[in-house]
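Comments concern the structure below.
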Amino acid sequence: MLRHTRPKGTQDFIPPVSQQKLLVENTFRDLAVIYGFQEIVTPTFEHTELFIKSSGTGSDIVIKEMYSFQDRSQRSLTLKPEGTPGVIRAVLENRLVLPARLYYITPCFRYSRPQKGRYREFYQLGIEALGEASARTDAELIHFGVRFFSRLNIAGLTVMVNSIGCRTCRQDYREKLLTFLRLNREALCPDCQQRIEVNPLRVLDCKNDHCQTMLQKAPVPREYLCSDCQTHFTIVINELTARQLPYRIDDHLVRGLDYYNRTTFEFVSDKLGAQNSLGGGGRYDYLIEELGGPPTPASGLAIGLERTMLAMPQLEVPTGRRQLVFVIWTSENELRTAVDLTDRLREAGIPAQLSFDSPKLKRQLHLADLADAAFAVIVGEEELKRGVYGLKNLTTGEQIELPAPELISRLKPLLAV
RNA sequence: GUGAGUGUAGCUCAAUUAGGUCAGAGCACCUGACUGUGGCUCAGGAUGUUGGGGGUUCGAGUCCCCUCACUCACCCCA
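So in my numbering, spot 163 of the first sequence is number 179, and the numbers just go up one at a time.
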C-alpha cells in the first residue's frame with residue numbers, strides 16, 4: 017500500500033509521456049507565434065468573482081465545479097476553471113493596447129468526476145484575438161485549430177460551427193425556444209426539464225436520443241439571426257470554404273459558457289470516447305465590457321491538451337537511443353578527468369552524464385545502457401597515457417579511439433547538436 | 001452528485017466447475033560467470049500485510065458487508 021497517492025483526477029506525466037506533452041506544447045507555441053500571438057501568463061488562481069462574472073451564474077462550472085477556497089485573510093479565491101477570464105482581467109488591469117493577439121498554456125481546475133479525457137487538473141492551450149471584430153478572424157482561428165491538429169497527425173477530426181446570434185436576436189430566439197420547450201416539457205428528460213429554466217439553449221445539445229428526436233422540430237438559433245449576425249455567419253462560412261476547410265454546421269452546437277455570441281465552433285474527434293471535444297471556441301464580444309473594460313470585440317479558441325494527446329496516433333515511443341553521452345571512468349585516477357570532460361561536453365551543448373557511484377566499468381556501462389545513452393566515452397588509464405578517448409557506439413557496440421582534442425568536434429555531428 | 005465494472009510483486013497476468021501446500025510466472029531490477037567493456041546466454045537474489053477494515057468458516061485472494069482507489073458512462077466540457 018502506497019503511502020502517498022496523487023489526488024483524484026490529477027495525473028503524473030512521466031517519461032516518455034512528458035516528452036509527448038512537450039511536443040504538443042511546442043507545436044502549439046510555434047503555431048501561435050506564426051499567427052502573430054504572444055504569450056500571456058496569468059495567475060493560477062483569481063478572485064472568485066471574476067469567474068462568476070465571466071462564466072455566468074447559470075453555468076455548471078460556477079455552480080458545482082469550481083475549486084474555491086478562502087485564503088488566510090478570508091478572501092474567496094478560485095483555481096482557474098478556464099483560461100479566458102484571467103487573460104481579459106490581465107489585459108484590462110495592465111491596460112494593454114488593443115487589438116492584441118495573445119496565447120496561453122495553463123493548467124485549469126474543475127471539480128468533476130474524472131473519466132476518459134476529463135481530469136480535475138487539465139491543461140488548456142488557448143489563443144485570444146482581442147479587438148478583432150471581423151468574421152474572418154473567427155475563420156482564421158478555426159484554421160489555426162485545424163492546422164494545429166494536422167501538424168500532430170490527428171485524423172478523424174470534424175469542425176462544427178454555428179452561430180448563436182447577438183444580444184438582440186438571441187433574446188428573440190430564446191423566447192421562441194422557451195415557448196417550444198415549455199410546450200413539450202413532458203417529452204424531455206429530467207435533466208432537460210431542469211435546463212429549461214436555468215439555461216434553455218443547452219437543451220439543444222442534450223445527448224439523450226429521445227430529446228434529440230423531439231428537438232428536430234425545435235426552433236434553432238440560426239433561423240432567428242438578425243441581418244448583421246446573418247452576414248457575419250455567412251462570411252465565416254465563405255471564408256472557411258475559401259480556405260478549403262471542411263466543416264459541418266451544427267444547429268445544436270451551443271457552448272457551455274455564457275459569454276459567447278455569434279460564432280461558436282468545436283473540434284470533435286472520433287477517437288476519444290464520451291469526452292469527444294478536442295477544443296472549441298467562438299466569439300465573445302460582450303465579455304470585456306462585462307468585466308469593466310470598453311466595449312471590445314473578441315474571438316478565441318481553447319484546446320484540451322490531454323484530449324489532444326489521446327487523439328494522437330499513438331504515444332511515439334522514441335525508437336533509438338537518447339541524444340546523450342555517458343562518460344565512463346575506470347578508476348579514481350581518471351575520475352577528475354572524466355568530470356572535467358563531461359563538463360566540457362556540456363559547455364559544447366552535448367548532453368552528457370556520468371555516474372559517480374561506482375568505479376566499476378561494467379556497472380557504468382550498464383548504467384549508460386539503462387539511461388539509453390547513444391554513446392559512451394571511456395576515460396581509461398591506457399587511453400589517457402596515449403592522449404585518446406574510447407568512443408563506444410552503444411547501439412552497434414563498435415568502439416573507436418579518438419585523439420582527445422577531436423572528441424567534441426567528432427561527437428557533434430553524430431548527435432546532431 | 002448518480003450508475004456500472006475492476007482492485008494479486010515496479011509492470012502484464014496465473015492461482016482447478018462450489019473456499020483447503022496458493023501466494024506463483026514472465027518482463028523489469030540486483031549479484032555473479034565476465035579481475036578494462038552494456039545489450040545476449042546461464043546461475044543465483046530481492047520484492048507482496050492478495051487496496052484497507054470487519055464478518056461467515058476448522059480454514060478466504062476466492063463468499064458477505066463497509067470503505068478507499070482506479071476505470072468507464074451519466075452529468076459537464078477541454
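Beta carbons: idealized from backbone N, C-alpha and C, even for Gly.
{"query": "Between the CA atoms of Tyr119 and Phe53 - distance to the nearest angstrom", "result": "6 Å"}
{"query": "At least 3 beta-carbon pairs within less than 8 Å: the stretch 268-277 vs the stretch 215-224", "result": "yes"}
{"query": "Whether Phe283 touches Gly296 by CB criterion (9 Å)", "result": "yes"}
{"query": "Reduced DSSP category for Ile416 - H, G, I as helix; E, B as strand; rest coil", "result": "strand"}
{"query": "Nonlocal neighbours in the same chain, by C-beta distance under 8 Å from Arg105, ignoring five residues either side", "result": "Thr58, Glu62, Leu66, Leu307"}
{"query": "N-terminal and C-terminal residue of the beta strand (DSSP E) that Val437 is part of", "result": "No answer is possible for residue 437: the residues shown for the chain start at 17 and end at 433."}
{"query": "Cβ-based burial, Ala4 [other Cβ within 10 Å; buried from 16]", "result": "Here the chain comprises residues numbered 17 to 433, so residue 4 is not present and cannot be evaluated."}
{"query": "beta-carbon Pro32 near the ligand NAD non-hydrogen atom, thresh 8 Å", "result": "This structure lacks the ligand NAD; in fact it carries no ligand of any kind."}
{"query": "Outcome for Thr279 when other beta-carbon atoms lying within 10 angstroms are tallied against a minimum of 16", "result": "buried"}
{"query": "Close-in-space but distant-in-sequence residues of the same chain around Pro115 (CB under 8 Å, 5 per side omitted)", "result": "Ala145, Leu146, Gly147, Glu148"}
{"query": "Inter-residue CB distance, Thr64 and Glu137 (contact presumed, cutoff 8 Å)", "result": "Actually they do not touch by this definition, with Cβ atoms about 18 Å apart."}
{"query": "Cβ-based neighbour list, Gly365, same chain, cut-off 7 Å, excluding 5 preceding and 5 following", "result": "Val433"}
{"query": "Separation of Thr94 from Pro313, as counted between CA atoms", "result": "26 Å"}
{"query": "Same chain, Cβ closer than 7 Å to Ala442, five either side skipped, listed in chain order", "result": "The requested residue 442 does not occur in the structure, where the chain is confined to residues 17 to 433."}
{"query": "Three-state secondary structure assigned by DSSP to Thr174", "result": "strand"}
{"query": "Presumed contact (8 Å Cβ cut-off) between Gly181 and Asn277, rounded CB distance", "result": "7 Å"}
{"query": "Cys222, DSSP secondary structure in three states", "result": "coil"}
{"query": "Where Ile304 falls: helix, strand or coil (DSSP)", "result": "helix"}
{"query": "Cβ-based neighbour list, Ile68, same chain, cut-off 6 Å, excluding 5 preceding and 5 following", "result": "Val78"}
{"query": "Bridge partners - Gly296, DSSP secondary structure assignment", "result": "Glu282, Ala318"}
{"query": "Identity of the residue in Phe391, Arg45, Arg352, Asp385 nearest Phe372 by Cα", "result": "Arg352"}
{"query": "Nonlocal neighbours in the same chain, by C-beta distance under 8 Å from Asp385, ignoring five residues either side", "result": "Leu410"}
{"query": "Whole-angstrom distance between Glu348 and Ile416, CA atom to CA atom", "result": "23 Å"}
{"query": "Residue range of the unbroken alpha helix (DSSP H) whose run includes Tyr189", "result": "183-199"}
{"query": "Where the beta strand (DSSP E) containing Glu62 begins and where it ends", "result": "61-63"}
{"query": "Backbone secondary structure at Pro123 - three-state DSSP", "result": "strand"}
{"query": "Sequence-distant residues of its chain with Cβ nearer than 7 Å to Val40 (five each side left out)", "result": "Leu168, Leu321, Thr324, Met325"}
{"query": "Secondary structure of Leu383, DSSP reduced to three states", "result": "helix"}
{"query": "Lys80, buried or exposed, once every other Cβ within 10 Å from all chains shown has been counted against 16", "result": "exposed"}
{"query": "Opposing strand residues paired with Ala392 [DSSP bridges]", "result": "Phe342, Lys408"}
{"query": "Alpha-carbon to alpha-carbon, Glu397 and Thr346", "result": "7 Å"}
{"query": "Leu199 classed as buried or exposed, judged by whether at least 16 other C-beta atoms fall within 10 angstroms", "result": "exposed"}
{"query": "Minimum C-alpha distance to Arg45 - residue among Val343, Arg134, Phe164, Thr60", "result": "Phe164"}
{"query": "In DSSP terms, what Gly231 is bridged to", "result": "Sequence inspection shows Leu at residue 231; the Gly mentioned does not correspond to that position. In the DSSP output, where bridge partners are listed per residue, Leu231 has none listed."}
{"query": "CB-CB length for Tyr51 against Phe196, believed under 8 Å", "result": "Actually they do not touch by this definition, with Cβ atoms about 40 Å apart."}
{"query": "Coil, strand or helix - Gln30 by DSSP", "result": "It is Ile, not Gln, that sits at residue 30 in the sequence shown. Looking at Ile30 - three-state DSSP - the assignment turns out to be coil, as it is neither helix nor strand."}
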